[in-house]
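> Have a look at this one.
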Amino acid sequence: LMFSGSTRNSRNKTRTPQTSEFEFTETVFRDKSGRKRNLKLERLEQRRKAEKDSERDELYAQWGKGLAQSRQQQQNVEDAMKEMQKPLARYIDDEDLDRMLREQEREGDPMANFIKKNKAKENKNKKVKPRYSGPAPPPNRFNIWPGYRWDGVDRSNGFEQKRFARLASKKAVEELAYKWSVEDM
């Protein structure tokens, strides 16, 4: 038997109308359970969620920084912008340059003590946390001085004293061993 190519061509011709029928249809995406997914709605939700997350992250970043640090950073940016707008060549009548030079502290300046006292009086108005001024406290492993939050009373079970005693004895033994090893030299 001989087959001619006409049957093959006739099959291809019959397929072309079907392919053109499905050519412009959209792909159907389904989830694990077999339901159709709405991709546009999912993208919209993802965008909303990303915006919400970014707002929350900005808020936490703002909370994570101290207020004084953020103010200082803002002040530094403003000062830098002012300095960038000024000409490179500064003259004697420049008020900012004059103020900056006057605020500098120089060694051997007889008025420096007077200015420091005035600044100390200005700073005295600010709230300052109380500092410990009693006898030297027992050492602790964190080197924390008593003060605003801790009164310096040792309420432990004796662990830190034992630790410091162990460290001191270890250091003494090492020193004694070193002296013994170099004794004959």
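Just so you know, my numbering puts the end of the sequence shown at 172, numbered straight through with nothing missing. Just so you know, even glycine gets a beta-carbon here, dropped at the ideal spot from N, CA and C.
#1: Tell me which residue opens and which closes the alpha helix (DSSP H) that residue 63 is part of.
#2: Can you give me the start and stop residues for the alpha helix (DSSP H) that residue 75 sits inside?
#3: If residue 24 sits next to residue 34, beta carbons under 8 Å apart, how far is it from one beta carbon to the other, in whole angstroms?
#4: Please say whether residue 135 and residue 113 have beta carbons closer to each other than 9 Å?
#5: Check whether the stretch 146 to 153 touches the stretch 117 to 137, taking contact to mean three or more Cβ pairs, one atom from each stretch, closer than 8 Å.
#6: From residue 53 to residue 159, what distance separates their C-alpha atoms?
#7: Mapping the DSSP letters down to three states, classify residue 23 as helix, strand or coil.
#8: I'd like to know whether the C-beta atoms of residue 165 and residue 139 end up nearer to each other than 9 Å.
#9: From residue 68 to residue 62, what distance separates their C-alpha atoms?
#10: Return the Cβ separation of residue 99 and residue 92 in integer angstroms, given the expectation that the two are a contact with Cβ distance under 8 Å.
#11: Rounded to a whole number of angstroms, what is the C-alpha to C-alpha distance between residue 14 and residue 27?
#12: Rounding to the nearest angstrom, what Cα-Cα distance links residue 79 and residue 47 in this structure?
#13: Determine the extent of the alpha helix (DSSP H) in which residue 152 is found, giving its start and end residues.
#14: With C-beta atoms as the reference, is residue 83 less than 9 Å away from residue 73?
#15: From the DSSP secondary-structure annotation, give me the bridge partner or partners of residue 17.
#16: Mind checking which residues open and close the alpha helix (DSSP H) that includes residue 105?
On the basis of the data shown:
#1: Numbered from its first residue, the sequence shown carries residue 63 at position 76. Going by DSSP, residue 63 is part of the alpha helix (DSSP H) stretching over 54 to 72.
#2: Here residue 75 refers to the residue found at position 88 when the sequence shown is read from its first residue. Unbroken run through residue 75: none, as it is neither H nor E.
#3: The residue you call residue 24 lines up with position 37 of the sequence shown. The residue you call residue 34 lines up with position 47 of the sequence shown. About 16 Å; that fails the 8 Å criterion.
#4: Mapped onto the sequence shown, residue 113 falls at position 126. Mapped onto the sequence shown, residue 135 falls at position 148. No, these two residues do not count as a Cβ contact at 9 Å.
#5: Flag = yes, the stretch 146 to 153 and the stretch 117 to 137 touch.
#6: Counting from one through the sequence shown, the residue named residue 53 turns up at place 66. Counting from one through the sequence shown, the residue named residue 159 turns up at place 172. Residue 53 and residue 159: Cα-Cα distance of roughly 45 Å.
#7: Taking the sequence shown and counting its residues from 1, the one referred to as residue 23 is at position 36. Of the three classes helix, strand and coil, the one that applies to residue 23 here is strand, per DSSP.
#8: In the sequence shown, the residue the question calls residue 165 occupies position 178. In the sequence shown, the residue the question calls residue 139 occupies position 152. No, these two residues do not count as a Cβ contact at 9 Å.
#9: Residue 68 sits at position 81 when you count from the first residue of the sequence shown. Residue 62 sits at position 75 when you count from the first residue of the sequence shown. Rounded to the nearest angstrom, the two C-alpha atoms are 10 Å apart.
#10: As a first step, residue 99 must be located in the sequence shown, where it is residue number 112. As a first step, residue 92 must be located in the sequence shown, where it is residue number 105. Between residue 92 and residue 99 the Cβ distance is about 6 Å, and since that is below 8 Å, they are a contact.
#11: Position 27 of the sequence shown, counted from the start, is the residue given in the question as residue 14. Position 40 of the sequence shown, counted from the start, is the residue given in the question as residue 27. Roughly 13 Å separates the two Cα atoms.
#12: What you label residue 79 is simply residue 92 of the sequence shown in a count that begins at 1. What you label residue 47 is simply residue 60 of the sequence shown in a count that begins at 1. In a straight line, the C-alpha of residue 79 is about 46 Å away from that of residue 47.
#13: Taking the sequence shown and counting its residues from 1, the one referred to as residue 152 is at position 165. Element bounds for residue 152: 146 to 168.
#14: Here the question's residue 83 lines up with position 96 in the sequence shown. Here the question's residue 73 lines up with position 86 in the sequence shown. For residue 83 and residue 73, yes; Cβs fall inside 9 Å.
#15: Position 30 of the sequence shown, counted from the first residue, corresponds to residue 17. Answer is 23, bridged to residue 17.
#16: The sequence position of residue 105 within the sequence shown is 118, counting from 1. Where residue 105 is concerned, the enclosing alpha helix (DSSP H) starts and stops at 99 to 111.
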